[in-house]
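Chains as they are written, first to last, in my numbering: chain P, -9 to 147; chain E, -9 to 147.
Backbone N, C-alpha and C define an ideal beta-carbon position, used for all residues, glycine too.
Number of protein chains: 2
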Amino acid sequence: MIPDEDFDARAADAALTASRALMGVVARSVAGVLEIVTLPQFRVLVLLDTSGPLRMGVLGEAIGVLPSTLSRAIDRIVEAGWVRRTTRPASRREVLIELTPAGQNLVTHALEQRRDNIAEILSVLSPDQKSAIVSAFELFAGAAGETSSKELLILGI
Amino acid sequence: MIPDEDFDARAADAALTASRALMGVVARSVAGVLEIVTLPQFRVLVLLDTSGPLRMGVLGEAIGVLPSTLSRAIDRIVEAGWVRRTTRPASRREVLIELTPAGQNLVTHALEQRRDNIAEILSVLSPDQKSAIVSAFELFAGAAGETSSKELLILGI
DNA sequence: CGCCATAAATGTATGCTTGCAATTGTTGTG
DNA sequence: CACAACAATTGCAAGCATACATTTATGGCG
């Protein structure tokens, strides 16, 4: 009979190893993008992709940088053409930041590539194996609970 | 009967969701460290942790920076006390970089925290569920093949 | 309307990374 | 031994992120 601690340890190790594999996939999908924009810049783009247009203040709050930092960061990615500043007529002191089609493309492409990479890995497995993986991954994701997007932004995911 | 494409898509989606959960764990473990050292600096420490002492040239090659960049980066983390420069008597023009105990601690602690986080997530599951997850994760990791540490370094893992 | 709070941007400064070019020290070879 | 090849560092320069303080424009309220 295997002691619980050993069993748990093996489970954690398996998860760690799988996490390395999954992160390799993520890294691949991020690597290309990081030759185009910096990680903090990519964080902004990803956040805008998942949340839609955001005010400067909200955006800065979300990714944890000061307004001055963000303002200049936005300067650069506006200049590069990834996002657009728009002022709402309703409240003209607020500035909305939104992705341009080019910026949208950049993020979408990175996510699609990641998805394709995973699909390719799974392609070598039998239906039964895939099925087992789907259940297990869904189970794990459920147990992990909602992963705050703020945390994920650290890695630009 | 579910078409194969749909099934594959669901599998990839499940893996993506699980990857988000796992990345959240990684992000947490990295977040603390990034308040102490920068990401490029942490990459150096992680590489030294997994490879042992390395020459400047090899180190720079591995993480993909020019020698000049690395030299100054090492200046800073030597100054901070995370690594040590040593010259081999055999070839005095080569400089070996090695972790100090403090640097070793820094990396080890980050990895341990990651492992603990995963263990905590798994702790809410039943033995059967854990068992299923272990199998599935091992299966996935196997299918993914060896994840090059060079790719993982992109994320500072 | 006048005042204060809010939102964003600017001024100013520091530190890190990165790159190219030139330099110093060392090893090996003809 | 002289000279070329190699390893690392240093000089010089640019870009980016970050922080604190200040300024500008706008909105809300008494």
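- [ ] Could you please give the first and the last residue of the uninterrupted beta strand (DSSP E) stretch that includes Ile87 (chain P)?
- [x] Looking at the DSSP string, the run of the beta strand (DSSP E) that includes Ile87 (chain P) is Val85 to Leu89.
Task: Whole-angstrom distance between Gly135 (chain E) and Asp3 (chain E), CA atom to CA atom - done: Going by the C-alpha atoms only, they are around 20 Å apart.
Task: Contacts of Gln119 (chain E) in chain P (Cβ-Cβ under 7 Å) - done: In chain order: Leu129.
- [ ] Please report how far the alpha carbon of Asp87 (chain P) lies from the alpha carbon of Ala63 (chain P), in whole angstroms.
- [x] For clarity, residue 87 (chain P) is Ile in the given sequence; the question names Asp instead. When rounded, the distance between both Cα atoms is 12 Å.
TODO: Name the one or two DSSP bridge partners that Arg74 (chain E) has.
DONE: E:Glu88.
Open item on the list: Please identify, using Cβ separations under 9 Å, the residues of the stretch 32 to 62 of chain E that lie next to chain P, in order along the chain.
Closed with: When CB distances to chain P are screened at a threshold of 9 Å, not a single residue of the stretch 32 to 62 of chain E falls below it.
- [ ] For my contact list, Val27 (chain E) and Leu35 (chain E) are in at a C-beta cut-off of 8 Å; report their separation, rounded to the angstrom.
- [x] Contact flag correct, Cβ pair sits at about 7 Å.
TODO: Decide if Arg155 (chain E) is buried, meaning its Cβ has at least 16 other Cβ atoms within 10 Å, or exposed.
DONE: Past the boundaries of the shown model lies residue 155 (chain E); chain E is included only from -9 to 147, so the question cannot be answered.
- [ ] Determine the direct distance from the alpha carbon of Phe130 (chain P) to that of Ile111 (chain E), and round the result to whole angstroms.
- [x] Cα to Cα, Ile111 (chain E) sits roughly 8 Å from Phe130 (chain P).
- [ ] Could you check if Arg78 (chain P) is buried or exposed, using at least 16 other CB atoms within 10 Å of its CB as the buried criterion?
- [x] Arg78 (chain P) is exposed by the Cβ-count criterion.
- [ ] Measure the C-alpha to C-alpha separation of Leu115 (chain P) and Glu128 (chain E) and round it to an integer number of angstroms.
- [x] Leu115 (chain P) and Glu128 (chain E) have their C-alpha atoms some 13 Å from each other.
- [ ] Excluding the 5 residues preceding and the 5 following Ser19 (chain P) in the sequence, name in chain order all residues of the same chain whose CB lies nearer than 8 Å to its CB.
- [x] So the qualifying residues of the chain are Ala100, Leu101, Gln103, Arg104 and Asn107.
Open item on the list: Quick check on the burial criterion: 16 or more other C-beta atoms within 10 angstroms. Buried or exposed for Leu56 (chain E)?
Closed with: Its Cβ having fewer than 16 others within 10 Å, Leu56 (chain E) is exposed.
TODO: State the Cα-Cα distance for the pair Ser9 (chain P) and Arg66 (chain E), rounded to the nearest angstrom.
DONE: Cα to Cα, Ser9 (chain P) sits roughly 30 Å from Arg66 (chain E).
Open item on the list: At the level of alpha carbons, what is the spacing between Ala109 (chain P) and Ser81 (chain E)?
Closed with: If I take the Cα positions, the gap works out to 48 Å.
Open item on the list: Give me the residue from P:Gly22, P:Gly132, P:Gln94 and P:Glu84 with the minimum Cα distance to Arg45 (chain P).
Closed with: Minimum Cα distance to Arg45 (chain P) is reached at P:Glu84.
- [ ] May I have the straight-line CA-CA distance separating Leu12 (chain E) from Ala133 (chain P), to the nearest angstrom?
- [x] Within the model, the alpha-carbon separation for Leu12 (chain E) versus Ala133 (chain P) is close to 11 Å.
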